[in-house]
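Structure first, commentary second.
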Amino acid sequence: MPMFQPLKRDGFIGFEGGGDGQVLDLDTAVKDGVLGGVNGGVVDEKLDLKKMIKELDLQDIPSVFICPISLEPMQDPVTLCTGQTYERLNIHKWFNLGHLTCPTTMQELWDDTVTPNKTLHHLIYTWFSQKTSYEILGTLKKAKGQARVHALSELKQIVVAHLMARKTVVEEGGVSVISSLLGPFTSHAVGSEVVAILVSLDLDSDSKSGLMQPAKVSLIVDMLNDGSNETKINCARLIRGLVEEKGFRAELVSSHSLLVGLMRLLVDILPSFDPECLELALFVLDALCSDMEGRVAVKDSANTIPYTVRVLMRVSENCTNYALSILWSVCKLAPEECSPLAVEVGLAAKLLLVIQSGCDAALKQRSAELLKLCSLHYSDTMFISKCKLTRTIQ
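Here the sequence shown is numbered in UniProt numbering, starting from 1 and rising by one per residue.
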C-alpha cells in the first residue's frame with residue numbers, strides 16, 4: 001500500500017483558524033512553542049477523532065501527537081504549567097495516583113491546572129482527517145454494496161467538515177474515482193453520497209466535463225426527482241455548477257430528450273422545494289434559457305409559466321430575479337403563446353407588485369418591460385381588468 005504523505009504546500013500544513021488562516025508545520029510549531037501553548041482558535045470539530053484513530057493504521061504518526069504517558073495518539077491534549085502536553089485522561093490518572101510532578105521532566109508542579117491545547121488538537125485532527133480520506137479513496141476502488149455506501153458516507157462527513165481533507169481528495173485524484181461510481185446501474189444510495197461529496201469539492205473543468213456524460217446526468221436527474229430533500233438540493237447544486245460554465249451548457253442542451261426531461265422535472269418539483277433548493281432550480285432554468293434549445297425546452301414544459309409566476313415576490317429577491325428572467329425569455333420567444341398564458345395566471349398583477357416594491361431598480365425595469373410585452377395582446381380595458389386595477393397603467 002502506498003505510504004500516506006501529509007498534504008503540504010511549500011512544506012506547510014494548512015491550519016484553518018478563520019480569516020486568512022494560519023499556516024503551521026510541525027517543526028515550526030514545536031520550535032516556537034506553539035504546541036505547548038493555548039492560543040489556538042476555537043475548534044468546532046464535527047468528526048469523531050477517537051473513531052478515526054481507532055480505524056487507521058497508526059504507523060508513522062508524528063511524535064508530537066503521541067502522549068508521553070500512554071505512547072498513543074492524543075485525542076484531547078492538555079498542557080501543564082511546565083509546557084508539556086499530555087492526553088487529558090492520562091494526566092488525570094497520573095494525578096490520581098498522588099503524583100505532583102510533570103511525568104516527562106519530573107519537575108514539581110506549582111500549579112496542577114491543565115489547559116486544553118486547541119492548536120495541537122486541530123493539527124492532530126487535520127492530520128488524521130487527511131489520512132482517513134486518503135485511505136477511504138483506496139477502499140472505494142474495490143468496495144462493493146453496503147461497504148461502498150459506508151465508505152462514501154464516511155468520506156462525505158470528512159470532506160464536509162474539513163478543508164484539508166477536501167484538498168487531499170482533489171489532489172490525490174479522488175474526484176475521478178468518486179465520479180466513476182455514477183452510472184446507469186448506480187443505486188440512489190450510492191449516487192446520493194457521491195453527489196454530496198462532489199458538491200463539497202472544488203471541481204475543475206475536466207472534472208465537470210466527465211460529469212456531463214448522459215448516463216451520469218440521467219442518474220442525477222432521477223435523484224433530483226426521487227431523492228430526499230437533501231439529495232435534491234445537492235443535485236441542484238451540482239447541476240448549477242455544470243451550467244455556470246457556458247461551455248458545458250451547449251453540451252447539456254445538445255441532448256434534446258435529456259434536456260426536455262430535465263426541464264420538465266425541475267419545473268414540476270418547484271412547488272415542493274424549500275427556499276434554498278428553489279433558488280438553485282430557478283438559477284438552472286435561467287442559465288439554460290441563455291441557449292435557444294434551452295429556452296424552447298423550458299417553454300414547452302406545461303408548468304413553467306404558472307409555477308414561475310407563483311414564485312414572484314414570495315421567496316427572495318434572487319428568486320424573483322431568476323423568475324423574471326425566465327418569464328422574459330419564454331415570453332420573448334413565443335409572445336402570442338406565452339404572454340396571454342402568463343397574464344391569465346396572474347403575471348400582470350405580480351409585475352405591478354414588483355414595480356411598486358423596494359426591489360432593485362433593474363428588477364423594476366425588467367418588470368415594466370415584461371408588463372409592456374404582455375399588454376400588447378390585449379385592449380387597454382381588458383388588460384386593466386386582468387391586472388385587477390381601477391386606473392389606467394401609465
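Ideal placement from N, C-alpha and C gives every residue a C-beta, glycine not left out.
- Do the CB positions of K216 and G183 come within less than 8 Å of each other? It is a contact, given that the beta carbons lie within the stated cut-off.
- Query: When the Cα atoms are used, what is the spatial distance from S290 to L242?
  - Reply: Each residue's Cα considered, the two are about 14 Å apart.
- Message: Going by DSSP in three states, E336 sits in which element: helix, strand or coil?
- Response: Reduced to three states, the DSSP call for E336 is helix.
- 4-residue-minimum alpha helix (DSSP H) runs that sit fully inside the region 329 to 386, ordered along the chain: Segments of the alpha helix (DSSP H) lying fully in the region 329 to 386: 335 to 344, 347 to 356 and 361 to 375.
- Hey, C374 and A348: beta-carbon distance below 8 Å or not? A contact, by the Cβ cut-off of 8 Å.
- Taking Cβ positions, are S133 and T186 nearer each other than 8 Å? The Cβ-Cβ distance between S133 and T186 does not fall below 8 Å.
- Hey, how far is the Cα of A361 from the Cα of N225? For A361 and N225, the distance between alpha carbons rounds to 36 Å.
- Is P77 closer than 8 Å to E87 when the C-beta atoms are compared? With respect to the 8 Å criterion, E87 and P77 are classified as neighbours on the basis of their beta carbons.
- My understanding is that T79 touches T115, with C-beta atoms under 8 Å, so please give their C-beta distance in whole angstroms. By a beta-carbon distance limit of 8 Å, T79 contacts T115. Their separation comes to about 5 Å.
- Task: Express the C-alpha separation of L282 and residue 410 in angstroms, rounding to a whole number.
- Result: This structure does not reach residue 410, given that the chain is present from 1 up to 394, and the question cannot be answered.
- Query: Where does the unbroken alpha helix (DSSP H) through E230 begin, and where does it stop?
  - Reply: Per DSSP, E230 belongs to the alpha helix (DSSP H) from N229 to V243.
- Task: State the CB to CB distance for the pair V170 and L201, rounded to an integer number of angstroms; the pair is presumed to be in contact (CB under 8 Å).
- Result: Indeed they touch by this definition, with Cβ atoms about 6 Å apart.
- Would you kindly work out how many angstroms separate the C-alpha atoms of S153 and G346, rounded to a whole number? The alpha-carbon atoms of S153 and G346 are separated by roughly 45 Å.
- Query: Between the C-alpha atoms of I69 and H162, what's the straight-line distance to the nearest angstrom?
  - Reply: So the two alpha carbons sit approximately 29 Å from each other.
- Where does W110 land, buried or exposed, given buried means 16+ other C-beta within 10 angstroms? Result: exposed.
- Item | For V195 and N318, the rounded distance between their alpha carbons | Cα-Cα distance, rounded: 25 Å.
- Hey, R240 and L285: beta-carbon distance below 8 Å or not? For R240 and L285, no; Cβs fall outside 8 Å.
- Task: Please report how far the alpha carbon of N96 lies from the alpha carbon of P73, in whole angstroms.
- Result: Going from the Cα of N96 to the Cα of P73 covers about 21 Å.
- Item | 7 Å CB neighbourhood of I158 in its chain, flanking five on each side removed | The answer, listed in chain order, is L47, S129, T132, S133 and A165.
- Task: Give the DSSP-derived three-state secondary structure of V160 in the structure shown.
- Result: Assigned with DSSP and collapsed to three states, V160 falls in helix.
- Item | Exposed unless 16 or more other CB atoms sit within 10 angstroms - verdict on Q75 | It is buried - the Cβ of Q75 has at least 16 other Cβ atoms within 10 Å.
- Euclidean distance between Cα positions of F383 and K350: Taking the Cα positions, F383 is about 14 Å away from K350.
- Task: Determine the DSSP secondary structure at V149, reduced to helix, strand or coil.
- Result: It is helical.
- Query: Between which two residues does the beta strand (DSSP E) carrying E87 extend?
  - Reply: Start and end: T85 to E87.
- In whole angstroms, what is the alpha-carbon distance linking I91 and K232? C-alpha separation (whole angstroms): 48 Å.
- Message: I'd like the list of long-range same chain contacts for L370, defined as Cβ closer than 8 Å, with 5 residues on each side in sequence excluded.
- Response: The residues are L324, L327, W328, C331, L347 and L351.
- Message: Just list the residues that DSSP pairs I66 with in beta bridges.
- Response: BP columns for I66 point to P73.
- Item | Spatial neighbours of I124 in its chain, beta-carbon cut-off 6 Å, leaving aside the 5 residues before and after | In its chain, beyond the 5 residues on either side, F65 have a beta carbon closer than 6 Å to the beta carbon of I124.
- Whole angstroms is fine: what's the gap from P275's alpha carbon to Q365's? For P275 and Q365, the distance between alpha carbons rounds to 25 Å.
- Would you mind sorting E336 into buried or exposed? The rule is 16 or more other CB atoms within 10 Å of its CB. Counting the other Cβ atoms within 10 Å of the Cβ of E336 gives fewer than 16, which makes it exposed.
- Top-ranked residue by Cα proximity to L278, from P340, G294 and V311: Selected option, being the one with the closest Cα: V311.
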